[in-house]
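Step one of this worksheet: look at the structure below.
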Amino acid sequence: MIEMSEKRIAGVVEATAAADERLTGPMPTRALGKTGWQASVLTLGGVKWDTCVPEADAVELIQRAVELGVNTFDTAHMYGGGESERRLGVALHGVGRPVFVSTKITERSREGARRQMDISLQRLGMNRVDLMFVHGLDNEEDYQKVVGPDGVLRAIEEYRSAGHVRFVGVSGHWYRPNMEKILGEYAFDAVLCPVGLFNLAYGYSYADTVLPLARQRGMAAMGMKVFGAGRVKHAASIEPYLRYSLNVPVDSLVIGCDSIAQLEQTVRIVKSQPPPLSVAEQEALFPECRQITQSWDRGEFNWVSHYR
903 MIEMSEKRIA
913 GVVEATAAAD
923 ERLTGPMPTR
933 ALGKTGWQAS
943 VLTLGGVKWD
953 TCVPEADAVE
963 LIQRAVELGV
973 NTFDTAHMYG
983 GGESERRLGV
993 ALHGVGRPVF
1003 VSTKITERSR
1013 EGARRQMDIS
1023 LQRLGMNRVD
1033 LMFVHGLDNE
1043 EDYQKVVGPD
1053 GVLRAIEEYR
1063 SAGHVRFVGV
1073 SGHWYRPNME
1083 KILGEYAFDA
1093 VLCPVGLFNL
1103 AYGYSYADTV
1113 LPLARQRGMA
1123 AMGMKVFGAG
1133 RVKHAASIEP
1143 YLRYSLNVPV
1153 DSLVIGCDSI
1163 AQLEQTVRIV
1173 KSQPPPLSVA
1183 EQEALFPECR
1193 QITQSWDRGE
1203 FNWVSHYR
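Quick note: to get this note's numbering, add 902 to the position in the sequence shown (first position is 1).
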């Protein structure tokens, strides 16, 4: 009995050591397009800690991400009523390591965009943001406003010329034609789009349409909705969802976390650099993908409603 107990203890110690090694090992990085930045494969997105946890916990989570090798952070003007940008600014102040920060604006007019950018920079406590996204290009009316002569792109270009924005990006959730069209008409530096297994399950993947266009034009490619806007908590495991998206041809995956435990679980999987899912494995998960995205909790974004 004593011998068995000792073996079990040894096994637990060995498993714990292996898990710690996966957690503390080097974070994989990829070139973020032509920006010159080597981005951590995992970008911490501001869609959970901005509203789901107290500020002190959010700051601790962000700083823990930096400790674990995350060097790229994404937020938006509208997240958490502004708390996302403000908390990120507080957490990153004085971290002592270089980081890359992107945020997003939803205004389509020049003046509206300028106001949002001013507020965003103030909240972040930064004079310059690395990447500014035109966020949510999801219908034809938006497209016409964005490309108009007095639209948001003019404002971003003015702020880039003034040194307040380094790079310009565009994001979208559910309308690929607009994304495909605008990528051919404007020299964006980056694109952000859904690259989760959920997209395959709903037959609406950006991986074979938008991403190749971005790559042809040398743009950085960032992926979102890996965890289904939080719905993956209802899945049997998060591991296959990460395995799929980690092997899509993007530079970094934007993932929201609402606790350090969830962050560390995600980082362990990312640092283990798992192999791709086979086609059979992907298809076997489609029923679960669809089942867990039939309802949505407070704070979750039902973007798949447009795919049905």
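All residues carry an ideal CB built from backbone N, CA and C; glycine is no exception.
### Message
With distance defined between alpha-carbon atoms, name the residue in 1170, 987, 1038 and 998 nearest to residue 1020.
### Response
987
### Task
Closer than 7 Å by C-beta to residue 931: which residues in its own chain qualify, once you throw out the five before and the five after it? Chain order, please.
940, 941, 942 and 943
### Query
How about residue 1095 and residue 1063: are their beta carbons less than 8 Å apart?
no
### Query
In whole angstroms, what separates the C-alpha of residue 973 from that of residue 1042?
35 Å
### Task
Would you kindly work out how many angstroms separate the C-alpha atoms of residue 925 and residue 1001, rounded to a whole number?
20 Å
### Task
Pull up the DSSP beta-bridge partners for residue 1002, would you.
974
### Message
Let me make sure I understand the geometry here. Which of 1189, 954 and 1093 has the alpha-carbon closest to that of residue 1069?
### Response
1093
### Query
DSSP on residue 1049, reduced to helix/strand/coil?
helix
### Query
Looking at C-alpha atoms only, which residue of 1061, 965, 1192 and 1161 is the closest neighbour of residue 953?
1161
### Task
Would you be able to state if there are at least three C-beta pairs under 8 Å between the region 1153 to 1173 and the region 1099 to 1116?
no
### Task
Would you mind reading off the limits of the alpha helix (DSSP H) that contains residue 1191?
1181 to 1193
### Task
Thinking residue 1003 and residue 975 are a contact (beta carbons under 8 Å), I'd like their distance in whole angstroms, please.
5 Å
### Host beta strand (DSSP E) of residue 1089 (start-end)
Careful: residue 1089 lies outside any beta strand (DSSP E) and carries neither H nor E.
### Message
Applying the 10 Å Cβ sphere with the 16-neighbour rule, what's the burial state of residue 1181?
### Response
exposed
### Task
Starting from the C-beta of residue 936, find all residues in its chain whose C-beta is less than 6 Å away, skip the five residues before and the five after it, and write them out in chain order.
1120
### Task
Under 6 Å Cβ to Cβ from residue 966, same chain only, skipping five residues before and after it: list those, please.
1162
### Pair within 8 Å by beta-carbon distance, residue 1129 and residue 1146
no
### Query
Is residue 1031 closer than 8 Å to residue 1023 when the C-beta atoms are compared?
yes
### Message
Between which residues of its own chain and residue 970 is the CB-CB distance below 6 Å, once the five residues before and five after are set aside?
### Response
1169
### Task
Closer than 7 Å by C-beta to residue 1178: which residues in its own chain qualify, once you throw out the five before and the five after it? Chain order, please.
1145 and 1149
#### Entry: Option in 981, 1194 and 1084 with minimal Cα separation from residue 1132
1194
### Query
Which one or two residues does DSSP pair with residue 946 in a beta bridge?
975 and 1157
### Message
Considering just the uninterrupted stretch of the beta strand (DSSP E) at residue 1150, what are its terminal residues?
### Response
Unbroken run through residue 1150: none, as it is neither H nor E.
### Task
Kindly indicate which three-state DSSP category residue 1140 falls into: helix, strand or coil?
coil
### Query
With respect to the beta strand (DSSP E) encompassing residue 1124, which residues constitute its N-terminal and C-terminal limits?
1122 to 1126
### Query
Going by alpha carbons, who is nearest to residue 1080 out of 1112, 1054 and 1099?
1112
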